[in-house]
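Student: Following this message is one structure expressed as structure tokens.
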Amino acid sequence: MLVHSRTGKWTTWGVFGLLFVPLFALPLLVILAASFAGHWSGAFPSGFTGEHYASAVRGDSLQALTTSLVTALSASVLALTVGTWAALAAAALKKRGRRVLDGLFMLPVAVPSVVVGLSVLVAFSKPPVILNGTSTIVILAHTILVTAFAYQSVSAAILRLDPVYEQAAASLGARPSYVLRRVKLPLLLPSLTAAAGLCFALSMGELSATMMLYPPDWTPLPVQIFAATDRGSLFTGAAVAVVLMGATLLVLFTVSRIRTRASFR
Amino acid sequence: MSSGIRFDSVSVAYGKNVVLDSLDLVVEPGEVMALLGPSGSGKTTALRAVAGFVQPVSGRVLIGGRDVTALPPHRRGIGMVVQQYALFPHMKVADNVAFGLKAQKVAKGEIAGRVAEALEMTGMGAYAGRYPRELSGGQQQRVAIARALAIRPGVLLLDEPLSALDAQLRSGMLAELARLHRELPDVSILYVTHDQIEALTLADRIAVMDKARLQDCGTPQELYRKPRTEFTASFVGNANLLPVVVGEGASSVAFGDAELTVATGDAGAGASATLCVRPHLVGLGEGPNALRGKVAEVQWRGSTHRLFVDVEGHRVKADVRELRETPALGDAVTLHFAAEDAVLLPMGAGVSDA
Numbered sequence: 001m002l003v004h005s006r007t008g009k010w011t012t013w014g015v016f017g018l019l020f021v022p023l024f025a026l027p028l029l030v031i032l033a034a035s036f037a038g039h040w041s042g043a044f045p046s047g048f049t050g051e052h053y054a055s056a057v058r059g060d061s062l063q064a065l066t067t068s069l070v071t072a073l074s075a076s077v078l079a080l081t082v083g084t085w086a087a088l089a090a091a092a093l094k095k096r097g098r099r100v101l102d103g104l105f106m107l108p109v110a111v112p113s114v115v116v117g118l119s120v121l122v123a124f125s126k127p128p129v130i131l132n133g134t135s136t137i138v139i140l141a142h143t144i145l146v147t148a149f150a151y152q153s154v155s156a157a158i159l160r161l162d163p164v165y166e167q168a169a170a171s172l173g174a175r176p177s178y179v180l181r182r183v184k185l186p187l188l189l190p191s192l193t194a195a196a197g198l199c200f201a202l203s204m205g206e207l208s209a210t211m212m213l214y215p216p217d218w219t220p221l222p223v224q225i226f227a228a229t230d231r232g233s234l235f236t237g238a239a240v241a242v243v244l245m246g247a248t249l250l251v252l253f254t255v256s257r258i259r260t261r262a263s264f265r
Numbered sequence: 001m002s003s004g005i006r007f008d009s010v011s012v013a014y015g016k017n018v019v020l021d022s023l024d025l026v027v028e029p030g031e032v033m034a035l036l037g038p039s040g041s042g043k044t045t046a047l048r049a050v051a052g053f054v055q056p057v058s059g060r061v062l063i064g065g066r067d068v069t070a071l072p073p074h075r076r077g078i079g080m081v082v083q084q085y086a087l088f089p090h091m092k093v094a095d096n097v098a099f100g101l102k103a104q105k106v107a108k109g110e111i112a113g114r115v116a117e118a119l120e121m122t123g124m125g126a127y128a129g130r131y132p133r134e135l136s137g138g139q140q141q142r143v144a145i146a147r148a149l150a151i152r153p154g155v156l157l158l159d160e161p162l163s164a165l166d167a168q169l170r171s172g173m174l175a176e177l178a179r180l181h182r183e184l185p186d187v188s189i190l191y192v193t194h195d196q197i198e199a200l201t202l203a204d205r206i207a208v209m210d211k212a213r214l215q216d217c218g219t220p221q222e223l224y225r226k227p228r229t230e231f232t233a234s235f236v237g238n239a240n241l242l243p244v245v246v247g248e249g250a251s252s253v254a255f256g257d258a259e260l261t262v263a264t265g266d267a268g269a270g271a272s273a274t275l276c277v278r279p280h281l282v283g284l285g286e287g288p289n290a291l292r293g294k295v296a297e298v299q300w301r302g303s304t305h306r307l308f309v310d311v312e313g314h315r316v317k318a319d320v321r322e323l324r325e326t327p328a329l330g331d332a333v334t335l336h337f338a339a340e341d342a343v344l345l346p347m348g349a350g351v352s353d354a
């Protein structure tokens with residue numbers, strides 16, 4: 001505890017509430033309220049109804065939900081694989097090489113995602129590889145965008161990993177591949193699942209690059225929400241947004257359960 | 001499968017910083033060799049060169065007559081135990097011990113027996129199903145030793161294995177290590193430590209290291225009773241080093257104004273030398289080789305008193321049995337020692353008042 005006095009504690013809580021409620025909690029609560037609203041003309045919504053949810057878990061919206069889940073899962077698995085591989089390779093490099101690799105993987109974060117979306121679109125619209133209009137191009141763009149986060153969090157975890165485990169394993173006669181499989185990856189598991197969760201959440205919410213790329217039969221939820229609000233169905237959009245939020249949180253919660261079982265110390 | 005270790009002028013350097021300077025040392029098969037020295041003396045680097053975690057810039061490391069200098073660690077056939085234990089936290093004790101056997105593809109049917117045997121040998125048989133975090137430091141270290149022994153290495157490398165344990169556990173583990181060595185007479189052990197008691201207790205021979213170089217090597221008795229260098233004398237047994245001048249008469253040296261009688265060997269008259277006397281062999285009161293001085297400091301250590309007495313401008317340490325009356329600071333006292341308890345080191349120069 002940094003603050004000891006009773007008044008100090010209450011003041012701290014007060015300031016926290018003042019900042020947290022309007023900035024973080026209120027917008028989410030408003031979405032939640034709007035998703036149940038029939039009208040909203042005064043200060044508060046009125047005419048509560050579950051109608052929007054009925055349409056949010058049926059037809060197009062349901063398909064958008066599965067599309068989003070499949071896209072996010074594939075993108076995070078791919079990103080985690082590539083990011084971990086690159087991070088392990090970077091750890092074995094000398095300082096300069098590592099810096100180059102760090103910079104390369106920072107690029108998709110530094111460049112606006114619209115630009116990433118456009119470049120993927122331009123790159124894969126012409127031979128030899130034409131992916132334009134396929135679901136693959138959406139997954140590919142998401143992978144490019146989130147790999148940077150996977151790379152960074154796994155790199156940080158590798159740096160923190162005490163080399164004595166690797167050395168003890170080597171002294172016992174274990175080949176490097178065996179050490180990786182049986183010692184390093186299991187010890188990195190908590191960081192790997194955290195990175196996977198981060199990638200998944202980012203991909204679930206990705207809109208700007210997706211807008212440039214999605215084919216009609218592969219509409220992720222954020223696009224659906226955008227379309228709904230764009231044509232004036234604000235409350236339906238809110239209900240779909242709550243579904244998106246719920247699905248993301250559910251997956252993150254499941255992943256965090258793996259994490260607690262896998263933390264050894 | 002007994003195999004020794006040979007360092008063939010091994011040098012290790014990081015950039016221009018030489019951390020091990022052409023080490024020549026042979027650990028005979030079945031021998032316990034202690035590498036003793038202060039931190040930064042290069043002793044751990046020497047051990048890591050055997051394990052393969054540092055690459056020498058020159059020289060060769062041989063294990064059992066085989067040149068392993070270019071081999072990666074996992075192909076050297078060593079067992080290693082480090083200060084931090086380094087048990088795999090995600091594996092149970094039995095899996096930790098089985099790790100090396102599985103990695104080396106030992107036949108499945110054989111593994112369980114060898115794990116049990118190794119755990120039994122270190123007295124950890126009852127803990128096979130626990131995780132390392134559920135064990136005390138001493139127990140973790142036993143598991144680490146069991147894990148290293150399970151692969152039946154010809155060479156066992158111990159890097160300050162007892163440093164993380166408290167004093168009582170340490171003395172218990174010392175006895176355990178001595179017993180293990182009796183049970184495994186073929187295993188050569190390289191034991192890195194900064195603790196002279198550990199080295200004197202366990203080692204067949206001790207290699208004393210300082211400033212990246214091997215200073216001295218010999219049996220514990222040789223190093224303790226007849227040190228060849230000032231560093232050995234002060235690091236092993238914390239001896240008094242007194243600058244003296246060899247006198248004209250036989251067996252006589254001058255320490256300031258005091259005339260002392262010690263065996264001078266073949267040192268010529270007039271030569272400077274260093275007289276080395278262990279603190280616990282210095283007595284309080286009149287006697288042969290009397291040294292008169294003033295008490296500068298008194299430390300009570302329970303069963304003994306350590307007196308620091310300024311004699312002829314030098315501080316002399318004396319460990320005496322617990323005194324009924326402690327001399328006051330500044331009191332004039334007389335110390336003495338027997339001629340046969342002193343060793344004369346001939347080179348003289350660079351005496352440190354340690």
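Residue numbers (the UniProt record's numbering), protein chains in the order written: chain H, 1 to 265; chain V, 1 to 354.
Cβ coordinates follow ideal geometry from the N, Cα and C atoms, glycine included.
(1) For Met80(V), decide whether its Cβ has a neighbour in chain H, counting only Cβ atoms nearer than 9 Å.
(2) Using the Cβ count rule (16 or more neighbours within 10 Å means buried), how would you classify Arg96(H)?
(3) If contacts are defined as beta-carbon pairs under 8 Å, then Trp218(H) and Val138(H) qualify, I think. What distance do you get, rounded to the angstrom?
(4) Under 7 Å Cβ-Cβ, which residues of chain V neighbour Pro186(H)?
(5) Measuring alpha carbon to alpha carbon, tell me which of Leu157(V), Leu345(V), Ala144(V), Gly125(V) ends up nearest Pro227(V).
(6) Could you check which residue in Pro27(H), Arg98(H), Val240(H) has the C-alpha nearest to that of Asp60(H)?
(7) Looking at Arg147(V): is its Cβ nearer than 9 Å to the Cβ of Gly218(V)?
(8) For Glu286(V) and Thr334(V), I'd like the C-alpha separation in whole angstroms.
(9) Can you list, in chain order, the residues of the region 98-112 of chain V whose Cβ is nearer than 7 Å to any Cβ on chain H?
(10) Taking the beta carbon of Arg182(H) as the centre, do at least 16 other beta carbons fall within 10 Å, making it buried, or is it exposed?
(11) Under the three-state reduction of DSSP, which class applies to Leu156(V): helix, strand or coil?
(12) Just to confirm the assignment, what range does the beta strand (DSSP E) spanning Asp319(V) have?
(13) Using a cut-off of 7 Å between C-beta atoms, extract the partners of Ile145(V) located in chain H.
(14) Quick check: the Cα distance between Asp353(V) and Glu312(V), rounded to an integer number of angstroms?
(15) Interface residues of chain H around Ala51(V) at Cβ under 7 Å?
(16) Could you give the distance in angstroms between the alpha-carbon of Thr134(H) and the alpha-carbon of Pro215(H)?
(17) Nearest to Pro289(V) by CA position, among Asp341(V), Pro89(V), Leu190(V), is which residue?
(18) In chain H, what lies closer than 7 Å to Ile151(V) by C-beta?
(19) Whole angstroms is fine: what's the gap from Val351(V)'s alpha carbon to Arg315(V)'s?
(20) Ala349(V) to Phe7(V), Cα distance in whole Å?
(21) Starting from the beta carbon of Val183(H), find every residue of chain V whose beta carbon is closer than 7 Å, and list them in chain order.
(22) Going by the beta-carbon positions, is the gap between Pro243(V) and Ala263(V) smaller than 9 Å?
(23) At the level of alpha carbons, what is the spacing between Val50(V) and Ser3(V)?
(24) Taking 9 Å as the CB-CB limit, is Val164(H) close to chain V?
(25) Please determine whether the Cβ atom of Ala168(H) lies at a distance below 8 Å from any heavy atom of the ligand SAH.
(26) In chain V, which residues lie with their C-beta within 8 Å of the C-beta of Gln63(H)?
(27) Would you say Ala194(H) lies against chain V (beta-carbon separation less than 9 Å)?
(28) Starting from Tyr165(H), trace the alpha helix (DSSP H) both ways and give me its first and last residue.
(29) For residue 395(V), collect the residues of the same chain with a Cβ closer than 7 Å to its Cβ; drop the 5 residues on either side in sequence, then sort them by chain order.
(30) Buried or exposed: where does Lys108(V) fall if 16 or more other Cβ atoms within 10 Å of its Cβ makes it buried?
(31) Tell me which residue opens and which closes the alpha helix (DSSP H) that Arg231(H) is part of.
(32) Give, in chain order, every residue of the region 292-314 of chain V whose Cβ lies closer than 8 Å to some Cβ of chain H.
(33) Taking C-beta pairs closer than 7 Å, name the residues in chain H that Gln84(V) reaches, listed in chain order.
(34) State the start and end residues of the unbroken beta strand (DSSP E) segment that holds Trp300(V).
(35) Taking C-alpha atoms, which residue in Val246(V), Gly237(V), Ser9(V) lies nearest to Leu62(V)?
(36) Of all the options Leu158(V), Gly172(V), Ala164(V), which has the alpha carbon lying nearest to the alpha carbon of Lys43(V)?
Tutor: The short version:
(1) yes
(2) exposed
(3) 6 Å
(4) His90
(5) Leu345(V)
(6) Val240(H)
(7) no
(8) 6 Å
(9) Phe99, Gly100, Ala103, Gln104
(10) buried
(11) strand
(12) 314-321
(13) Chain H residues near Ile145(V): none, gap ~12 Å exceeds 7 Å.
(14) Note on Asp353(V): pLDDT 39, under 50, position unreliable in the model; no value is reported.
(15) Ser171
(16) 6 Å
(17) The sequence shown places Asn at residue 289(V), rather than the Pro named in the question. Ranking Asp341(V), Pro89(V), Leu190(V) by Cα distance to Asn289(V) puts Asp341(V) first.
(18) Leu172, Gly173
(19) Any answer about Val351(V) is weak, because its pLDDT of 40 lies below 50 and its placement is not dependable; what the coordinates show is given next. When rounded, the distance between both Cα atoms is 12 Å.
(20) Its pLDDT being 39, under 50, Ala349(V) is placed unreliably by the model, and the measurement read from it follows with that caveat. So the alpha carbons of these two residues sit roughly 30 Å apart.
(21) Phe88
(22) no
(23) 13 Å
(24) yes
(25) The ligand SAH is not among the ligands present in this structure, which contains no ligands whatsoever.
(26) Under the 8 Å cutoff, chain V gives no residues; its nearest Cβ is about 41 Å from Gln63(H).
(27) no
(28) 163-171
(29) Not covered by the structure: residue 395(V). The range shown for chain V is 1 to 354.
(30) exposed
(31) Counting along the chain, Arg231(H) falls outside any alpha helix (DSSP H), and DSSP gives it neither H nor E.
(32) none
(33) Val164
(34) 291-300
(35) Ser9(V)
(36) Leu158(V)
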